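These notes concern the structure reproduced below.
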Amino acid sequence: MRTRLVVSGVAALAAAAVAAAQATAAETADVAKEQLKRGEYLVNYGGCGDCHTPKVMTPNGPAPDPSRLLSGHAANTPRPSALPPALIGPNPGQWGAITNNDLTEWVGPWGTSYASNLTPDVATGMGNWTSDQFITTMRTGKHLGVGRLLLPPMPWFDIAKLTDHDLRAVFAYLKSIKPIQNPVPQPVPPKGP
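So in the working numbering, spot 161 of the sequence shown is number 194, and the numbers just go up one at a time.
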């Protein structure tokens, strides 16, 4: 009799533990879904795709190419051989910046900057990044938190104002999208006088 009670008690505890684990797993899944939804919302609201998604030309002008979502400046995009040197600069009458047709390459007094590949591709995107590295990058304006400065038009100083919760949601969403191999060129410093 006593053995039967002990076995029944152990079985009841095991069943309760399994039920609790399943409930915790379901709650965790719900939290993860909410985090991804929040991250997607912030990426869309923040206009990340405006610069980080290559465009296709439509009758209404350039439109984001969903097959290359957030993959950055297309590595095979041709560049003009030279821009008129007096065109860009800090002086009156000069332009502050020029961009290519899909808004992924920007030229200004800082040199030439290219929109980064934000997909989770390990070789060419953010596949090896941690959420802490992402948050530090967004807070400091330095690549991986310690490297080169993030260049215009990247509005990292506004993104830095997001909460850690929101930045983790953005990072989780970016890690959930399709990885796209696209080696984006490194920035080019401005030419001297």
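From the three backbone atoms N, C-alpha and C, an ideal C-beta is built for every residue, glycine too. Here the structure is a predicted model, which means the values were calculated and not measured.
Residue j beta carbon less than 8 Å from that of residue i
{"i": "leucine 184", "j": "serine 146", "result": "yes"}
{"i": "asparagine 134", "j": "proline 186", "result": "no"}
{"i": "asparagine 124", "j": "asparagine 215", "result": "no"}
{"i": "aspartate 199", "j": "leucine 75", "result": "yes"}
{"i": "serine 164", "j": "leucine 69", "result": "no"}
{"i": "glycine 141", "j": "proline 222", "result": "no"}
{"i": "glycine 80", "j": "proline 97", "result": "no"}
Residue environment, residue i, which counts as buried when at least 16 other CB atoms sit within 10 Å
{"i": "asparagine 109", "result": "exposed"}
{"i": "glutamine 219", "result": "exposed"}
{"i": "alanine 148", "result": "buried"}
{"i": "alanine 229", "result": "The structure shown does not extend to residue 229, since the chain is modelled only from 34 through 226, so no value can be given for it."}
{"i": "lysine 88", "result": "buried"}
{"i": "glycine 180", "result": "exposed"}
{"i": "phenylalanine 167", "result": "buried"}
{"i": "aspartate 228", "result": "Examination of residue 228 is not possible in this model, given that the chain is present from 34 through 226 alone."}
{"i": "valine 64", "result": "exposed"}
Contact belief for residue i with residue j at Cβ below 8 Å, rounded distance in angstroms
{"i": "glycine 160", "j": "proline 212", "result": "6 Å"}
{"i": "threonine 152", "j": "serine 104", "result": "5 Å"}
{"i": "cysteine 84", "j": "threonine 137", "result": "6 Å"}
Own chain residues within Cβ distance below 6 Å of residue i, not counting five before or after
{"i": "threonine 86", "result": "Pro97, Leu102, Leu103"}
{"i": "isoleucine 192", "result": "Met171"}
7 Å Cβ shell around residue i - same chain, five flanking residues per side excluded
{"i": "tryptophan 189", "result": "Met171, Gly174, Leu183"}
{"i": "glycine 178", "result": "Gln166, Thr169, Thr170"}
* Asked: Within the chosen definition, does the segment 195 to 209 reach the segment 126 to 137 through at least 3 CB pairs nearer than 8 Å?
  -> Output reads no: the segment 126 to 137 does not touch the segment 195 to 209.
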